[in-house]
Amino acid sequence: TKLHLQDFKQLFKTIPENTASSVSGLHYGHYRVLSKMDDDSIIKVLFDIVDIAFITRSPLPRWQHVTQLMLEKGKGPEIENLRVIQLLEADLNWLLRFLWGKKLDRHATEAGLIKRYRRYIQIWQIYRQASR
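Taking our numbering, the leading residue of the sequence shown gets 397, the next gets one more, and so forth.
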């Protein structure tokens, strides 16, 4: 799989600037500003760091830290009414979205897996609705 600078820039152009990310200090706002600049030199350096880490299968040290938050679903603070989310580094989040979202979805569609399992997904959704 080949990573592309344009895909990297496109996500950061569209994602809201106030989207929460990691504690390293590099957040979506930085990437958003850099992705909209005419000069690609700075965002290219950040992309190259991600690309090299991906090619060499060497995760960056800051990718190994995750912030977990528990948010109320609006039904009270009891443990069963809390939702756990994990805040990842913005660039790692992009990489996972690109690989698991874009590429995996495309390959599954090309292999006919989406059509084949669509009815199972529909059955699962009906089951979930009925169990609520």
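Glycine included, every Cβ here is placed at the ideal spot set by N, Cα and C.
Keep in mind that this is a model prediction, so the values were computed, not measured.
Query, Result
"Three-state class that DSSP yields for Leu456 in the structure shown", "coil"
"Simplified DSSP assignment, three categories, for Val441", "helix"
"Sequence-distant residues of its chain with Cβ nearer than 7 Å to Phe450 (five each side left out)", "Leu399, Leu491"
"Residue closest to Asp487, alpha-carbon to alpha-carbon, out of Asp436, Ser437, Met433, Asp444", "Asp444"
"His461 versus Ile411, Gly497, Phe408, Glu485, residue with shortest Cα-Cα distance", "Glu485"
"Local conformation of Glu474 per DSSP, three classes", "coil"
"Ser418, buried or exposed, once every other Cβ within 10 Å from all chains shown has been counted against 16", "buried"
"Helix, strand or coil at Thr397 [DSSP, three-state]", "coil"
"Straight-line Cα distance separating Tyr427 from Asp436", "11 Å"
"Close-in-space but distant-in-sequence residues of the same chain around Lys499 (CB under 7 Å, 5 per side omitted)", "Thr397"
"Through-space distance from Thr415 to Ile517, alpha-carbon basis", "30 Å"
"4 or more residues per run - each alpha helix (DSSP H) lying fully within the region 401-437", "401-410, 424-432"
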